[in-house]
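Heads up: the structure comes next, in structure tokens.
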Amino acid sequence: MQRILIRDVLQLPGDDRSIQVAGWVRTRRDSRGGFSFLEINDGSTIKNIQIVAEATLANYESEILTATTGASVFVSGTLKASPGKGQSVEIHAGSVTVLGGADASFPIQKKRHSFEYLREIAHLRPRTNTFGAVFRLRNAISFAIHKFFQENGFYYIHTPIITGNDAEGAGQLFHVTNFDLDQVPKRDQEPGRGGVAFEKDFFGAPVHLTVSGQLEGEAYAMSLGRIYTFGPTFRAENSNTSRHLAEFWMVEPEMAFATLEDDAQLAEDFLRYVFKYVLEHSRDDLEFFNQWIDKSCLARLESLADSPFERMSYTEAVTILEQAAQTKSKKFEFPVAWGRDLQSEHERYLCEEHVGKPVILTDYPKEIKAFYMRLNDDDKTVRAMDVLVPGVGEIIGGSEREDRLDVLEARMRDHGLEPDAYQWYLDLRRYGSTPHAGFGLGLERLVQFISGMENIRDVVPFPRTPGNASF
Ligand code: ATP
Ligand code: MN
């Protein structure tokens with residue numbers, strides 16, 4: 059079907075050239091003057107093109123007047139300068155073919171629908187302005203991510219989705235098995251108390267969906283030097299928040315010969331690169347978000363693209379939060395104390411109210427961070443960093459990795475992990491160990507931050523959350 063994308067048509071002059079487009083009808087208005095206006099959208103841009111269809115067209119009564127919101131049409135005509143406001147060109151139709159009709163039961167009518175309602179029709183919501191914009195933006199961000207790493211010497215590595223490694227040390231895992239769940243083979247040493255006989259399972263061992271590609275990514279950083287992963291990640295955390303999904307996409311760069319400072323710099327350069335990229339390439343969609351979703355969207359991106367992020371240690375942050383809780387009588391739901399993990403409300407206070415821009419927090423207490431983070435000389439904190447952004451809180455979590463074999467083994471035991479199960483990972487410290495560092499970024503949180511969309515369920519095509527895996 060020969061056609062030009064509406065995105066490209068809108069760049070052309072109204073010079074009477076002949077043109078073909080296809081799309082879905084957003085609205086149709088019939089004028090008494092003997093013609094109809096069809097606003098059509100083909101998904102290539104947030105903008106619609108206006109089609110002028112004269113009543114003299116052969117199928118005007120029989121077909122064009124049946125083309126209501128949601129119907130798909132193919133239009134052949136001439137491109138004219140538009141006298142109307144808000145558009146530079148329009149198409150005067152020579153013919154309009156209705157490819158697929160849509161009747162009044164089409165669930166997206168020309169009115170504002172709530173995001174909750176649209177989640178129930180997740181297969182049709184990309185036909186709305188908002189979701190079209192979200193998913194074009196998500197595409198642009200994904201492309202910018204690849205572009206940044208490719209331009210900076212990072213190789214894209216595909217780490218496994220099914221794995222026996224638990225990168226977090228205490229994971230909420232989705233187990234993968236091909237056992238018949240009604241008849242799971244048990245080891246029958248003690249009647250009634252036998253454990254699962256994983257040796258009879260497909261892989262001969264317990265495995266799960268990956269919670270992070272980091273450990274495997276490290277093996278490749280310790281050979282190719284700089285790598286990144288970018289793929290689906292699964293966590294069975296039963297947290298029904300606006301920032302957690304059970305299936306999300308994570309980007310995990312890892313660098314050999316790098317320290318925490320290099321890692322923080324990479325995170326900052328990376329985020330600012332993506333901000334600049336979308337400001338340049340997703341302008342129309344960002345303007346839509348700025349007008350309808352978050353009035354500070356464009357100003358925020360523009361100011362961040364050029365200004366450095368704040369840096370602060372966890373210990374300094376706790377002092378600031380404690381003072382805020384005391385003097386400014388800031389009410390936090392959860393208490394703040396050195397040694398406790400920061401809650402989203404604390405993270406957001408730091409970047410939204412205290413500094414007013416993204417903050418990179420470093421050197422967290424070892425007890426609240428993963429076993430693989432490099433222990434500081436104080437023996438209390440680890441070389442961890444979280445990047446916190448206004449509106450979302452934690453968007454990136456990373457660290458310099460523990461590169462000393464004996465310390466890493468001790469830290470595993472502290473975390474209740476058996477070093478024997480991680481021999482291959484320990485080999486990376488046994489042979490040619492180097493300082494190395496990396497981080498994980500949740501793609502959806504970045505899309506949320508850039509667009510201003512409040513709920514993470516609205517920036518992923520088909521959200522998976524506790525109790526919901528529809529579609
Ligand atoms: P949080 O404390 O917000 O649950 P986390 O500390 O568990 O995050 P990490 O294990 O450091 O997160 O994962 C790296 C990044 O992956 C996070 O900074 C975040 O952007 C993203 N992320 C983590 N869990 C989820 C989730 N359930 N849904 C979406 N993104 C997530
Ligand atoms: Mn988490």
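If you count by our numbering, then the sequence shown holds residues 59 to 529, one letter each, in order.
All residues carry an ideal CB built from backbone N, CA and C; glycine is no exception.
Asked: Sheet register partners of residue 370 (DSSP bridge); Found: 419
Asked: Cβ-Cβ separation, residue 517 to residue 509 (assumed contact under 8 Å), whole Å; Found: 7 Å
Asked: Given 8 Å, three or more beta-carbon pairs between the stretch 331 to 338 and the stretch 302 to 321; Found: no
Asked: Neighbourhood of residue 228 by C-beta, 7 Å cutoff - its chain only, sequence neighbours within 5 removed; Found: Only weak support is given to the placement of residue 228: the predicted model assigns it a pLDDT of 48, under 50, and the value that follows is read from those uncertain coordinates. Within the same chain, residue 228 has no close Cβ partners at all.
Asked: C-beta neighbour in chain C for residue 493, strict 7 Å; Found: Within the model displayed, chain C is absent; a lone protein chain is all it includes.
Asked: DSSP-derived helix/strand/coil call for residue 228; Found: Reliability of the predicted coordinates at residue 228 is poor, the pLDDT of 48 falling under 50, and no value is obtained from them.
Asked: Member of 99, 218 and 237 whose CA lies at the smallest distance from the CA of residue 290; Found: 218
Asked: Residue burial classification, residue 75 (beta-carbon count within 10 angstroms, cutoff 16); Found: exposed
Asked: Neighbourhood of residue 371 by C-beta, 6 Å cutoff - its chain only, sequence neighbours within 5 removed; Found: 420 and 421
Asked: Local Cβ density within 10 Å of residue 504, reported as buried at 16 or more and exposed below that; Found: buried
Asked: Residue ranges of each alpha helix (DSSP H) within the stretch 382 to 414, 4 or longer; Found: 402 to 406
Asked: Residue 395 versus residue 424: straight-line alpha-carbon distance, rounded; Found: 14 Å
Asked: Residue 452 CB to nearest heavy atom of the ligand ATP below 6 Å; Found: yes
Asked: Reduced DSSP secondary structure (H/G/I, E/B, other) of residue 287; Found: strand
Asked: Top-ranked residue by Cα proximity to residue 319, from 262, 237, 458 and 124; Found: 458
Asked: DSSP three-state assignment for residue 327, whether helix, strand or coil; Found: helix
Asked: Cβ-heavy atom distance, residue 266 to the ligand ATP, below 6 Å; Found: no
Asked: Any non-hydrogen atom of the ligand ATP closer than 6 Å to residue 303 Cβ; Found: yes
Asked: Cβ-based burial, residue 365 [other Cβ within 10 Å; buried from 16]; Found: exposed
Asked: Distance cut-off 6 Å: residue 498 Cβ against heavy atoms of the ligand ATP; Found: yes
Asked: Neighbour-count burial assignment, residue 405, 16 or more Cβ in a 10 Å radius; Found: buried
Asked: Contact between the stretch 382 to 393 and the stretch 433 to 441 (3+ Cβ pairs under 8 Å); Found: no
Asked: Three-pair Cβ contact test at 8 Å for the stretch 464 to 477 versus the stretch 282 to 300; Found: no
Asked: Cβ-based burial, residue 554 [other Cβ within 10 Å; buried from 16]; Found: Beyond the ends of the chain as shown, which are 59 and 529, falls residue 554; an answer cannot be given.
Asked: Residues that DSSP places opposite residue 85 in a beta bridge; Found: 97
Asked: Buried versus exposed call for residue 520 [16 or more other C-beta atoms within 10 Å across all chains shown]; Found: exposed
Asked: Supposed close pair residue 80, residue 111 - CB separation, criterion 8 Å; Found: Not really, about 15 Å apart at Cβ, beyond 8 Å.
Asked: For residue 204, the first and last residue of its enclosing alpha helix (DSSP H); Found: 187 to 209
Asked: Touch test, the stretch 205 to 224 against the stretch 262 to 278, Cβ-Cβ under 8 Å, three pairs minimum; Found: yes
Asked: Length at least 3, wholly inside the stretch 99 to 169: the beta strand (DSSP E) runs in chain order; Found: 107 to 112, 130 to 139 and 147 to 158
Asked: Cβ-heavy atom distance, residue 75 to the ligand ATP, below 6 Å; Found: no
Asked: Limits of the unbroken beta strand (DSSP E) element including residue 267; Found: 265 to 267
Asked: Separation of residue 276 from residue 324, as counted between CA atoms; Found: 16 Å
Asked: Chain-order list of residues whose beta-carbon lies under 8 Å from that of residue 492 (same chain, five-residue window excluded); Found: 280, 314, 315 and 461
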